[in-house]
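Undergrad: Last residue of the sequence shown: 112 (this note's numbering), numbering continuous.
Glycine included, each C-beta is placed from N, C-alpha and C at the ideal position.
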Amino acid sequence: RDSGLRIAAFPCNQFGGQEPGCELDIKEFITKKYEFEPDLYSKVEVNGDNAHPLYKFLKEEQGGTITDAIKWNFTKFLVDRNGHVVKRYSPQTQPKDIVKDIETILNGAKV
């Protein structure tokens, strides 16, 4: 956080019902399993007619492979300080594999 990095987590229960818990349970799980405390927001829908406006924007800015739909939990988006969506990462991309891109953005360079 001191460097300007914020991790925003938006739980979604649209993928096999994998996020049935309340926000407190979800935050506790994330904090223990991944050893960081994100800015956790209320559950949202990321696809369909009821998709949250943020996810509509993210998908418009960085479309997916074949379709723009979010295909599974843990799809990640890197957004710079100015609100520009820099890159979209698949659910299989591990957080450690994004570190170089994050450092590049924090240093003011382009990915």
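Quick one: give me the first and last residue of the beta strand (DSSP E) that LEU79 is part of.
TA: Its beta strand (DSSP E) spans residues 77–80.
Undergrad: Do ASP81 and ILE103 count as a contact pair if the criterion is CB distance below 8 Å?
TA: No; because the gap between Cβ atoms is not below 8 Å, this pair is not in contact.
Undergrad: Can you give me the start and stop residues for the beta strand (DSSP E) that VAL87 sits inside?
TA: Unbroken beta strand (DSSP E) run through VAL87: 86–90.
Undergrad: Applying the 10 Å Cβ sphere with the 16-neighbour rule, what's the burial state of GLY112?
TA: Note on identity: in this sequence residue 112 is Val, with Gly being the wrong assignment. The residue in question, VAL112, is exposed, as its Cβ has fewer than 16 Cβ neighbours within 10 Å.
Undergrad: Are the stretch 6–14 and the stretch 34–41 touching, with three or more C-beta to C-beta distances below 8 Å?
TA: In short, these stretches touch, since the Cβ pair count reaches three.
Undergrad: Tell me whether the beta-carbon of THR66 lies closer than 8 Å to the beta-carbon of LYS77.
TA: Cβ atoms of THR66 and LYS77: not closer than 8 Å.
Undergrad: For PHE58 and LYS33, what's the separation of their Cα atoms in angstroms?
TA: So the two alpha carbons sit approximately 30 Å from each other.
Undergrad: Cβ of ASN108 within 8 Å of Cβ of PHE16?
TA: Taking 8 Å as the Cβ cut-off, ASN108 and PHE16 do not qualify as a contacting pair.
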